[in-house]
Structure formats: structure tokens, C-alpha cells
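Going line by line, the protein sequences match chains S and U.
Residue 151 in numbering that gives the first Met the number 0 is what sits at position 152 of the first sequence, and the numbering runs on without skipping anything.
Residue 45 in numbering that gives the first Met the number 0 is what sits at position 46 of the second sequence, and the numbering runs on without skipping anything.
Each residue gets a CB set at the ideal place from its N, CA and C atoms; glycine is no exception.
Below: one structure, written as C-alpha cells.
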Amino acid sequence: MEFGLSEEQQLLQDSIARFVEREYSFDKRQTLVTAGGAFSETNWATFAEMGWLMLGLPEDAGGLGGTPVDTAIVMEQFGKALVVEPYLPVAVLAARVLIDAGADNRLIAAIGTGEARPVVAHGEVGAFGTLGWVETRAARSGNGWRLSGAKSLVLAAPFATHFIVSARTSGEPRDAAGISLFLVAPDAAGLTRQDARLADSSRASELTLDSCEAQLIGSEGAGLAIIETAFAHAAIALCAEAVGAMDKALWTTRDYLQTRQQFGVAIGTFQSLQHRMADMLIELEMARSQVFRALAHLDAEPAVRDQAISSMKVQIGRSIKFTGYQAVQLHGGIGMTEEYLIGHHFKRLHMIDNALGTVGTHLGRMANQYSAQNRRAA
Amino acid sequence: MDFTFNAADEAFREEIRAWLRANLPADIAAKARHQFHLPWTDMARWVKLLNADGKGWAVPNWTVAQGGPGWTLMQQYIFEEVLIEEDAPQIDVGVAKMIGPIVNNFGSSEQIERFLGPWYRGETKFSQGFSEPNAGSDLAAISTTAVRVPGLSKDGGDDYIINGRKIWTSGGHFADWFYCLVKTDMAAKQRGISLIMVPAKAPGVTVRPIIDISEEHNLNELFFDDVRTSAANLIGEENKGWTYAKSLLENERARSGEAPRNRRYLQVLKAIARDRTRCGVPLIEDPAFAARIAQLESDLNSLEWMTLRALTAKAGGDLALPLGSILKVRGSELLQKITEMHIEALGDHGHYVHNYDDVPGSVPGPDYAPGLLTDFMYRRATTIYGGSNEIQRTIIARQFLGL
């Protein structure tokens, strides 16, 4: 085993660290998420030029054929700076769905060049994080399909060039079979978008589809396995981002404890706060360990992979609730303000805890596997 | 021992509830339901309404002679419970429970009439100027100065000239007066602190908004640059301000657990969990989710009965415990846990920001969603404000356990 970075991975990490240092100071980010609408075409063009958008794409689609470890390296650095552009929704989640569904290589290649920004519209309010629950329906119409239903929390939807929408071509909402994937144009008739700003100031939308024209991608009815694989990749990317965000929050807090004076001394001299910070570090490193572990299981059979993903997300959630939340607490009042960075780390971390399945959702998924195994053994 | 509420207390509860249902303005209830901070114009209407006809309900802890209703601690607690159950705003705690009692106890009758009279009628707003950038948990380290000089007016009275900065001033942008702790004896530490009223509109006062992570403008930073205030605005004696401030913090011990708010928030959590479904099943019927609500309910029951013990403790101190600190620690942490679950139970809709001035329906989500994310963010401060939980634990360990 070797947990260190290769020379190429080190170069990748350094290049992103240089980018965020140059373009993602706290003040620049604040301007971007307010006046800038939470998306910079210039930054996106940089992502394309640097090859970060094509990192995980296969070589036959103009990509660099990088691994999920490379993606995690990008996300960790983005997490430190709270990068708000939708790298995960586009270059990880949507790209993986399109690759595995066998979509047109030209569309996949266009992600890498920055020309296309497809995003996945899969989640529904009633699913509450369960990937296999799809109520949206697809009906044949001439040579094509028409979709009707509603999708929630479609990340980066206001910046999307294509929507990848999951819908049922057969079966009931909870059935594993019968989920298909479709491409929908943002200006398609019957598609309504209601935009929202999220707690971390990124943007998402609710989509309503009313007999909306759509084009099937991949095999009819076989979409769920593709979705599950893509969300496993996305969960690792998200947790790598959380590790970066917690790491930055931890050291920012350490620095604050060394400088903030009360009762005539730096508050970092108080043993109760030293122990708190020690526990924050322990939580952070447990989280990081689980990201490595999940990466090691990403290509395992789905049941094993999903246990590893859930285990990781549970640890990340616990680490966020301690390390992320205590970062605000130890800053006191200043941690509560919009004008200081630590509160923004807290917001992003809180969102990550609640995204792609909460601790409760993932504990439930692990527990369900125990009972399924027990029934098979009996 | 007697573990029952008496019939008079139950009748009192119904009396308050009936009055609120008949008199609480619908527009104020609509705002209070979502837990947004009310602008002073709304709070002023509310104070005026609660005090109308000399009822004194906006000052539930004041005696009849002071203009209050003369309620028992238990009645005050019941009043607070019913307010939040009925979606009524809380009272203006800063005056009712902080500066009001100080002025009533240590101010002159002229000051009581001049300061508290207009507030009682909803005409003036007071905000607190205690904390400073370098004096938070260590409040005695304040450095804002007040120097006594001959006054400029013809009445011959002296003035104080104030210089310094104050921070975390709630509602300071609406204030007419700031009640401030200032240094009047630069050599002494706690003994050199005085309590003085500073006119908010005086020359030299700058109020800088602080937007908190809930995206609300409630907090402010104050800058005093040679601000004059009359010596007639000094409350009580010079250099006694620290003693006054400490005395009232001790009066607040039973309230600091916020048991009624915790109870209400748990009801809200259950309502969300009944409405939201996962794969067709209401969250509240999911055994794992319901068990987590049950854990919070058990925590709440502990807090409530600890609060009841504090409320019924005899004035002489038959319950020798650091009650305020115990309740503050548990109550604040529970508020954070319940609001975390509010957001989790909202599912996908828990991520969307709804601000106070957003048009209803402009943000996707159920009609009870606005305010929940804002309140979750704001409640991160509960373990920081009012004496951080770290300070409370130190009080328990040092002052009670003798460590």
C-alpha cells in the first residue's frame, strides 16, 4: 500500500492550489457568489484549459483517462477554497452517467473543453435520498419520448446546457427496473425551472416536466445501475471536498486560538479548547481515512461498493458535526458573521452532510444490507 | 413533594391562550411563526399591545408597582410557553429582563419615568452595548471609556464623553438608546465599570451592520467617537455597573434553558416528519428517524423538569446548584440538535435559502420551510452568546464543584 501522491498527482494538486490561491481568496469568492451569480465563465475556462474538466473522461472522448483518486485530489483543493463552480455536478456526476450510458462521445468531449455543461436531474422530494425511487414518468411519443414529473435540488441547473433526466419507462416508483435516462434541452417545451440559492450560495433548481420532449440515452429501463455508480463517484468527490473544507477550517481555527486573547492570554492555552482541537483533528483524519477506503472499493461489486460509500458518508457526517461545527464555536461571535470565512466553511460542510444521503440514510442502507444478508443465510 | 400543576396555573394558561387568539395581530404571527427577527416597528406594536390598559404583559417579571403583572415564576414560564405555542413573538427581553430591572432597582424615579415610560408604550427602543471586540467571554476587560466633563447645556449638569467600540448589538440599527458598560475608573478592573445610557442619534455615534451567517441584519458594531451623554443618564452609582450587570444575569437562570422554545421546535420537527415522506412512507413512521426524534424528546423532558425544579426553588436557595449554567448548556445544545433535524427532515428543500423579504412561494418548498434554515444558522450562536458554554462549564467546575 501507498497513500502518498505520485509525481503527476503532486503536480495536479499544486496547480489547483496555485489557482485557488490566485483566484479564490475569500473576498473574490464573496464577490463571485453575490454580484457574480455564483458562476464564473472565466474560472470555467481555466478549468478547461488546465485539463481539469477532462481529467476523468476516457481518452476516446478526448479525456485524460484519470482515476477517481485524481478527481478526489481536485475536490479536496476545491474544498479548501469553497470553490462554487459546479465541478462535481458536471465533470464528475454528469460525465460518469454519460460515459456509462454510452452517450455520444462528442457530448462527453464537450464537457472536457468546457463547451457543454450537462447536469443530472435525478432526485425527487419524495425519494428523500433513496436513489431507486423515481416517480417521474416517460411515455413514447412518435420516435421520441415525453417526460412528466418533478425533480428537486438539481445542482447547477441555471448554468446547464443539457439536463440528464431519469424517468420511469415501466414499473412502480420503488422498482429497480424500469428507470431510464434521457437528455432534455434547457429550452424544451414543457420544462419549467424554479431557481433557488443554496446555503453555500451555489445555485440549483426544481424542474417541472409537463410532457416534455426528451431523447433516450442508454438502454431502456436499465438506468438505475448507471445512476448508482455515478452517485458513488459523486459521493467520494463530495467527501474529498469535505475533507479539504474541514482541513482549512481546522487550521484557521488553530491560528485563531493562537492569536485571540481573553483573560490576558491566548485562548489556545486553555486545556479544554486544546482538547477540543485535538478531537477535531482526530475526526478529520478518520474522515480522510474513509475517503481512501471508499476509493479502494469503488470498483468492487455494487453491494460491497455501496457499503463502503455509506460507511464513508456516515463518518464524514459525524466529522462535519464535530469539526465543522466546533470551528464556528471556537471562533465565538466572529464565527457567526458573513464577513468572515469560517461561517462559510460551516455552511458548505453542513450542506455536504445533508447532500447525497444523510448519516441516517446511509446507516439505514448499511442496516438494510445486514437484514438482507441475514435473510439469505437463514 | 407534589408533581402537579395547580388548577390556578392551568386556568392562567387558558386565559393567556384565549387572549392571544383574540388579540395577536395576524401579520405579526405570520412573521413570528417563521422565527425571523422582527423589525422594531413590529416589536413596538407588540410591546404596546401587551402593556395596554396597564396589563404589563410585556414585562412579565416586573412587580405590579413597577407596571408588571406581578406573576409568579411559574406563571412567567407558562406565559412564555403559550407565547411560542401560539406563534406570538417573544417579549423584548433586553428591556424586560436586562436593563429594565436594573433601572427599576438602581435608577432614580426620574430615570424610570424618562427611560422606561416611553419604552413601555412602544415609543423607544433600547439596545445593549456590553461586548467589545476584545472583551467577549472576558467582559470585564472592556476598554470603552467615559470621562466626566462640565456639560454644555445651561442646566449646569455634567456630561460624560464616551470613546470606544461595542459589538454584537442586537437591533442596534433601530435603537434610540444604547445601555452601555463603560470604564469610569481606568485603573480598576471590574470595580471601575459603570452603566450609562448613550443616545443612539448623538454626534459621534456610528452603527455598522453585521450580517450574520443566517443572512439577517440583527447584529451591529457601534463606534463611539467623543460621544456626549448627560451625567443624568448614568444609572445608579459610578463604578457599580459590573455589580448591577451581574445581579440581573443571576435573575435569568430559569429562562436560560429555553425549554418552551425547545418544546415548540420539537413539535415543529414532528410536524415536518409527518408531512415529508421517504419512498411513500412518512418520516415519522421510519423507526430509525423516529428513534432520533424520541432521543431529542427524552433530552427535552430532562430539560423541562430541571427547569421546573429551578422555577420552584425557594428564594433562599434550597436547590444549591448552578442552575443557570446547567440549563444554559443543555438548552442551547438541544436547540442546535433540533434545528439540525429540522433541516434534515426538510430533505432536498432544506438546502434552499429563504430570506425574510422573499415573496412567499418564490422559493421552492413547503409553506413551513421559510425561516427554518435561517433559524438553524442563527442558533449556532446559542452556545456562544449569553456566556459561552465553555464559560458556563467553567462556572460549574470552579464555583460549584470547587475545582
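If you measure from the beta carbon of residue i to each beta carbon in chain U, is any gap under 8 Å?
i	result
GLY36 of chain S	no
VAL327 of chain S	yes
GLN261 of chain S	yes
VAL124 of chain S	yes
TRP250 of chain S	no
ARG173 of chain S	yes
ALA236 of chain S	no
ALA195 of chain S	yes
GLU205 of chain S	yes
Please determine, among the options, the residue with the shortest C-alpha to C-alpha distance to residue i.
i	options	result
LEU265 of chain U	U:LEU334, U:HIS348, U:ILE161, U:TYR351	U:LEU334
SER246 of chain U	U:ALA293, U:VAL63, U:VAL102	U:VAL102
LYS165 of chain U	U:ASP158, U:ASP154, U:ASP184, U:ILE209	U:ILE209
ASP374 of chain U	U:GLU236, U:TRP176, U:PHE35	U:PHE35
LEU63 of chain S	S:ALA188, S:THR70, S:GLY55	S:GLY55
VAL417 of chain S	S:VAL119, S:ALA299, S:HIS349	Outside the modelled stretch of chain S, which goes from 0 to 377, sits residue 417 of chain S, for which no answer is possible.
GLY279 of chain U	S:ARG173, S:TYR339, S:LEU152, S:VAL242	S:ARG173
GLN193 of chain S	U:ALA64, U:ARG329, U:HIS348	U:HIS348
ASP99 of chain S	S:GLY189, S:SER169, S:ILE225, S:THR45	S:ILE225
PHE321 of chain S	S:PHE18, S:ALA366, S:ASP246, S:PHE230	S:ASP246
For residue i, would you say it is in contact with chain S, using Cβ-to-Cβ distances shorter than 8 Å as the test?
i	result
TYR351 of chain U	yes
GLY386 of chain U	no
CYS278 of chain U	yes
PRO363 of chain U	yes
ALA309 of chain U	no
ILE210 of chain U	yes
GLY330 of chain U	no
GLU109 of chain U	no
GLU122 of chain U	no
ILE342 of chain U	yes
Which stretch, first to last residue, makes up the alpha helix (DSSP H) that contains residue i?
i	result
ALA100 of chain S	94-100
TRP94 of chain U	Looking at the sequence shown, residue 94 of chain U is not Trp but Val. Run containing VAL94 of chain U: none; DSSP gives neither H nor E here.
LYS79 of chain S	67-80
LYS150 of chain S	Where LYS150 of chain S is concerned, there is no enclosing alpha helix (DSSP H), although the beta strand (DSSP E) it sits in stretches over 143-154.
ILE166 of chain U	No alpha helix (DSSP H) contains ILE166 of chain U, which is instead part of the beta strand (DSSP E) from 157-166.
CYS238 of chain S	222-258
VAL313 of chain S	301-318
LEU72 of chain U	72-84
SER370 of chain S	358-376
PHE105 of chain U	99-105
HIS343 of chain S	340-353
PHE162 of chain S	First-last for PHE162 of chain S: 161-167, but that is the beta strand (DSSP E), not the alpha helix (DSSP H).
PHE291 of chain S	270-295
Would you mind reading off the limits of the beta strand (DSSP E) that contains residue i?
i	result
GLY113 of chain S	First-last for GLY113 of chain S: undefined, no H or E at that position.
TYR178 of chain U	176-182
THR135 of chain S	Premise fails: THR135 of chain S is in no beta strand (DSSP E) and is neither H nor E.
PRO117 of chain S	117-120
PHE222 of chain U	216-229
ARG196 of chain S	190-196
GLN127 of chain U	125-128
LEU345 of chain U	Careful: LEU345 of chain U lies outside any beta strand (DSSP E), inside the alpha helix (DSSP H) at 322-345.
GLU212 of chain S	202-216
Whole angstroms are fine: how far does the CA of residue j sit from the CA of residue i?
i	j	result
SER106 of chain S	LEU52 of chain S	Note that residue 106 of chain S corresponds to Leu in the displayed sequence, not to Ser. When rounded, the distance between both Cα atoms is 13 Å.
THR404 of chain S	PHE105 of chain U	The question about residue 404 of chain S has no answer, for chain S in this structure spans 0 to 377.
HIS274 of chain S	VAL327 of chain S	16 Å
ALA258 of chain U	ARG304 of chain S	44 Å
GLN306 of chain S	MET97 of chain U	54 Å
THR393 of chain U	ALA233 of chain S	44 Å
ARG32 of chain U	ASP211 of chain U	20 Å
GLU48 of chain S	SER14 of chain S	12 Å
SER370 of chain S	SER309 of chain S	16 Å
THR306 of chain U	HIS343 of chain S	35 Å
PRO117 of chain S	GLY323 of chain U	55 Å
LEU249 of chain S	THR30 of chain S	24 Å
At a cut-off of 7 Å, is residue i close to the ligand FMN when judged by its beta-carbon and the heavy atoms of the ligand?
i	result
ARG28 of chain S	Ligands are entirely absent from the displayed structure, and the ligand FMN is therefore not among its contents.
At a Cβ cut of 8 Å, what residues of the region 158-169 of chain U count as close to chain S, listed as they run along the chain? ILE166, TRP167
| query | Which of the residues in the region 373-385 of chain U, read from start to end, lie with their CB under 7 Å from any CB of chain S? | reply | ARG379, ALA380, THR382, ILE383
| Proximal residues, the region 281-295 of chain U versus chain S, C-beta separation under 9 Å | LEU282, ASP285, ALA287, PHE288, ARG291
Query raised in the report: Between the region 150-161 of chain S and chain U, which residues of the former have CB atoms less than 8 Å from a CB of the latter, in chain order?
Result: SER151, LEU152
Chain U contacts from the region 270-302 of chain S (Cβ-Cβ distance under 9 Å)
SER271, LEU272, ARG275
Could you run through the region 79-110 of chain S and flag, in chain order, every residue whose CB is less than 9 Å away from some CB of chain U? none
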